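A.B. asks: Going down the list, the sequences are from chains U and E. Count the first sequence with the numbering used here and you get residues 375 to 615, in order. Count the second sequence with the numbering used here and you get residues 375 to 615, in order. What follows is a structure written as structure tokens; I'll ask about it next.
Number of protein chains: 2
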Amino acid sequence: MPKRVVAESERRRRRPTKQGAVLSERHIVLTALRMLREHGSQGLTVRRLGLALGADPSTLYRYFRGMDDLVLAVGDELIGRAFDGWTATGDWQTDLRALGLRIHRSYLAHPQAAVLTASRVSGRPHEIAADEAVLDVLHRAGFPVADAVRIYHCFIDQALAFAALDAASLALPAAAREADEAVWQATYARLPESTHPRIAAAAGHLVAEMNVSAYPAALDMLIDSAAARLGGGEPPPGRAA
Amino acid sequence: MPKRVVAESERRRRRPTKQGAVLSERHIVLTALRMLREHGSQGLTVRRLGLALGADPSTLYRYFRGMDDLVLAVGDELIGRAFDGWTATGDWQTDLRALGLRIHRSYLAHPQAAVLTASRVSGRPHEIAADEAVLDVLHRAGFPVADAVRIYHCFIDQALAFAALDAASLALPAAAREADEAVWQATYARLPESTHPRIAAAAGHLVAEMNVSAYPAALDMLIDSAAARLGGGEPPPGRAA
DNA sequence: GACCTTATGCCAACGCCATTGACCAGGACA
DNA sequence: TGTCCTGGTCAATGGCGTTGGCATAAGGTC
Chain U
375 MPKRVVAESE
385 RRRRRPTKQG
395 AVLSERHIVL
405 TALRMLREHG
415 SQGLTVRRLG
425 LALGADPSTL
435 YRYFRGMDDL
445 VLAVGDELIG
455 RAFDGWTATG
465 DWQTDLRALG
475 LRIHRSYLAH
485 PQAAVLTASR
495 VSGRPHEIAA
505 DEAVLDVLHR
515 AGFPVADAVR
525 IYHCFIDQAL
535 AFAALDAASL
545 ALPAAAREAD
555 EAVWQATYAR
565 LPESTHPRIA
575 AAAGHLVAEM
585 NVSAYPAALD
595 MLIDSAAARL
605 GGGEPPPGRA
615 A
Chain E
375 MPKRVVAESE
385 RRRRRPTKQG
395 AVLSERHIVL
405 TALRMLREHG
415 SQGLTVRRLG
425 LALGADPSTL
435 YRYFRGMDDL
445 VLAVGDELIG
455 RAFDGWTATG
465 DWQTDLRALG
475 LRIHRSYLAH
485 PQAAVLTASR
495 VSGRPHEIAA
505 DEAVLDVLHR
515 AGFPVADAVR
525 IYHCFIDQAL
535 AFAALDAASL
545 ALPAAAREAD
555 EAVWQATYAR
565 LPESTHPRIA
575 AAAGHLVAEM
585 NVSAYPAALD
595 MLIDSAAARL
605 GGGEPPPGRA
615 A
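Here is the structure:
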């Protein structure tokens with residue numbers, strides 16, 4: 375039993391598996407991502423992963439403390455991908471918007487993985503780099519540090535929170551997802567005006583609106599509000615109760 | 375095997391269980407809620423639920439199609455509670471803020487349940503009532519229907535998304551949660567200024583800020599932005615890519 | 001190239017889990 | 001009182017994560 379997992383950087387002996395595969399943290403993470411895509415967010419199991427890797431399931435525990443540890447590593451991979459090839463333009467609103475959309479898009483590219491990881495904090499390298507980048511954009515925009523931290527907090531949580539939410543519906547198996555959309559059409563569009571006047575009045579708009587993500591609009595509202603505060607010299611909203 | 379679950383309203387024979395308990399949908403939902411609190415978000419299992427109810431585990435399938443169906447019912451219970459005792463004041467900003475905070479608070483009162491339910495759409499009665507209430511507030515505020523729908527979408531998704539995100543950290547078992555916070559202190563506060571200047575400069579603020587929810591501030595920013603649009607006559611932000 | 005250490009892969013087993021089909025007790029209603 | 005069928009129980013199936021013990025070959029040293 376693996377009392378302690380060996381850190382990837384200190385790994386020396388890369389013994390091939392019975393079926394000839396050579397394992398590594400990254401190889402396992404990428405395989406996990408593929409399995410999540412193919413089998414859904416419930417479909418990542420140690421046994422299946424072992425099968426896909428050509429290794430005994432228990433071998434995983436030489437690389438990760440358990441399933442949960444692996445999931446965090448998968449999440450960090452997604453954050454890392456969001457920043458691939460990004461460079462700051464110098465205009466903070468443009469940069470913030472681009473970063474938000476990149477994070478959101480990166481998670482939604484792997485909805486089944488995003489469901490498991492988007493609400494987790496790992497403290498892994500890519501995550502830290504992302505935080506530094508956002509704080510840097512706000513600093514250059516001229517926000518005092520206290521305001522920058524508050525806006526940063528709203529920004530990063532909003533991005534992750536919407537990623538998790540939007541991923542959840544994308545990650546549903548096709549059948550369930552169509553059922554969900556059918557619920558919107560069938561349930562909401564059919565509510566009588568007498569009991570649900572606002573829904574009835576908005577039914578057409580709702581069906582169209584609810585099939586796309588609200589994140590871009592919500593992000594723009596956040597940036598708008600921050601910009602107004604920066605211009606007017608007021609502090610950003612504090613936190614209520 | 376229960377090919378079809380009998381609707382609660384059509385249930386007639388309430389046969390007591392071997393151990394004398396009388397079951398109902400709501401009783402099961404409330405028990406599930408209690409078990410989630412006591413055993414964590416992974417701790418809701420059919421077997422344990424049966425034990426807690428004083429019934430055979432398989433009995434659950436007479437009331438819900440499966441675990442997933444039960445989870446949706448638990449979620450609707452939480453939405454319902456958010457609206458308990460709420461009445462509109464007529465001031466749309468006040469009302470919207472109150473509703474957002476109520477939803478957020480209701481989910482966070484049961485973090486382990488919120489993790490499972492906050493990103494799910496059920497189409498159940500309480501959920502529909504909530505949608506009607508929000509649309510009604512926006513309508514009375516004077517937003518044209520298209521704008522109202524877009525703001526409603528941002529509002530409801532942001533509330534649920536933050537609820538899910540914040541619940542996730544609250545729902546961690548005490549040990550893991552302290553480890554998470556320790557990561558913040560240890561990892562972030564210790565990053566050298568040379569490689570992570572912005573994090574280093576903001577370290578003190580970060581440690582304080584990251585332990586509370588960003589939702590109230592994010593909500594205020596959303597309302598601010600909507601108010602500016604209403605005043606200025608501009609439409610709210612559309613959706614980008 | 002031989003030897004030693006030990007990292008790393010494999011095996012078997014444990015105790016969970018959700019779900020199902022067959023069965024039957026007993027409440028509802030005629 | 002007799003019939004029907006809801007809503008309980010029981011037993012079984014095939015999965016799951018995780019662990020302890022073991023075997024073996026990789027890498028370092030001489």
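Beta carbons are placed, not taken as given, at the ideal position from N, Cα and C, and that holds for glycine. Note that the coordinates shown come from a computational prediction; the quantities given were computed from them, not determined experimentally.
Using a C-beta cutoff of 8 Å, does methionine 409(U) count as contacting chain E?
C.D. replies: no
A.B. asks: Say whether the stretch 431 to 442 of chain U touches the stretch 465 to 474 of chain U, bearing in mind that this needs 3 or more beta-carbon pairs closer than 8 Å, one atom from each stretch.
C.D. replies: no
A.B. asks: Check whether the stretch 488 to 505 of chain E and the stretch 420 to 439 of chain E are in contact - that is, three or more C-beta pairs closer than 8 Å.
C.D. replies: no
A.B. asks: Does any residue of chain E bring its CB to less than 8 Å from the CB of aspartate 469(U)?
C.D. replies: no
A.B. asks: Should alanine 614(E) be flagged as near chain U, meaning a C-beta pair shorter than 8 Å?
C.D. replies: Low confidence applies to alanine 614(E): its pLDDT is 43, below 50, so where it sits in the model is not reliable, and the reading given next is rough at best. For alanine 614(E), the answer is yes, since a Cβ of chain U falls inside 8 Å of its Cβ.
A.B. asks: Around the Cβ of alanine 582(U), are there at least 16 other Cβ atoms within 10 angstroms (buried) or fewer (exposed)?
C.D. replies: The residue is exposed, with fewer than 16 neighbouring Cβ atoms inside 10 Å.
A.B. asks: Taking tryptophan 558(U) as the reference, give the member of Thr463(U), Ala576(U), Ala545(U) with the closest Cα.
C.D. replies: Minimum Cα distance to tryptophan 558(U) is reached at Ala576(U).
A.B. asks: Nearest to aspartate 430(U) by alpha carbon, out of Ala395(U), Asn585(U), His484(U), Val448(U)?
C.D. replies: Ala395(U)
A.B. asks: Assuming glycine 474(E) contacts phenylalanine 517(E) under a Cβ cut-off of 8 Å, what Cβ separation, rounded to an integer in Å, is found between them?
C.D. replies: Not a contact, Cβ separation roughly 16 Å.
A.B. asks: Closest Cβ-Cβ distance between serine 599(U) and chain E: below 8 Å?
C.D. replies: Yes, its Cβ sits closer than 8 Å to a Cβ of chain E.
A.B. asks: Using 8 Å as the threshold, is the C-beta distance between phenylalanine 457(E) and alanine 503(E) below it?
C.D. replies: yes
A.B. asks: Quick check on alanine 522(U): does DSSP put it in helix, strand or coil?
C.D. replies: Note: alanine 522(U) maps to helix in three-state DSSP.
A.B. asks: Here's a check: name, in chain order, each residue in its chain whose Cβ is nearer than 8 Å to the Cβ of glycine 417(U), leaving out the five neighbours to either side.
C.D. replies: Met409, Leu410, Gln486
A.B. asks: Give a yes or no on whether the minimum CB-CB distance between methionine 441(U) and chain E is below 8 Å.
C.D. replies: no
A.B. asks: Glutamine 486(E) lies in the alpha helix (DSSP H); which residues open and close that run?
C.D. replies: 485 to 491
A.B. asks: Got a sec, what are the start and stop residues for the alpha helix (DSSP H) phenylalanine 457(E) sits in?
C.D. replies: For phenylalanine 457(E), the enclosing alpha helix (DSSP H) begins and ends at 441 to 457.
A.B. asks: Return the first residue and the last residue of the alpha helix (DSSP H) that leucine 470(E) is part of.
C.D. replies: 466 to 482
A.B. asks: Output the residue ranges of the alpha helix (DSSP H) runs that lie fully inside the stretch 378 to 439 of chain U and measure 4 residues or longer, sorted by chain position.
C.D. replies: 399 to 413, 420 to 427
A.B. asks: Is the CB-CB distance between tyrosine 573(E) and aspartate 531(U) below 8 Å?
C.D. replies: Per the sequence shown, residue 573(E) should be read as isoleucine rather than tyrosine. No, Cβ-Cβ distance for isoleucine 573(E) and aspartate 531(U) is not below 8 Å.
A.B. asks: Can the beta-carbon of alanine 533(E) be found closer than 8 Å to that of histidine 570(E)?
C.D. replies: no
A.B. asks: If you reduce the DSSP assignment to three classes, tell me which class alanine 614(U) lands in.
C.D. replies: Note that alanine 614(U) has pLDDT 43, beneath the 50 cutoff, so the model's placement of it is unreliable and the number below is only indicative. Alanine 614(U) falls in the coil class under three-state DSSP.
A.B. asks: What first and last residue would you give for the alpha helix (DSSP H) that runs through leucine 512(U)?
C.D. replies: 499 to 515
A.B. asks: May I ask you to list, following chain order, the residues of the stretch 514 to 545 of chain U that have a beta carbon less than 9 Å from some beta carbon of chain E?
C.D. replies: Val519, Ala520, Ala522, Val523, Arg524, Ile525, Tyr526, His527, Cys528, Phe529, Ile530, Asp531, Gln532, Leu534, Ala535, Phe536, Ala537, Ala538, Leu539, Asp540, Ala541, Ala542, Ser543
A.B. asks: So with CB distances below 9 Å, who are the chain E contacts of leucine 446(U)?
C.D. replies: Correct list: empty, because the minimum Cβ distance to chain E is about 11 Å.
A.B. asks: Indicate the three-state DSSP secondary structure (helix, strand or coil) for alanine 462(E) in the structure shown.
C.D. replies: coil
A.B. asks: Is DSSP giving threonine 569(U) helix, strand or coil here?
C.D. replies: coil
A.B. asks: What is the C-beta distance between alanine 515(U) and leucine 604(U), in whole angstroms, given that I count them as a contact (C-beta under 8 Å)?
C.D. replies: That belief holds up - the Cβ atoms of alanine 515(U) and leucine 604(U) are roughly 7 Å apart, short of 8 Å.
A.B. asks: Using a beta-carbon distance cut-off of less than 7 Å, what residues from the stretch 569 to 589 of chain U approach chain E?
C.D. replies: His570, Arg572, Ile573, Ala575, Ala576, His579, Leu580, Glu583, Met584, Val586, Ala588
A.B. asks: List the residues of chain U that glutamate 506(E) touches, going by C-beta distances under 7 Å, in chain order.
C.D. replies: Around glutamate 506(E), the beta-carbon contacts reaching into chain U at under 7 Å are His570, Arg572, Ile573.
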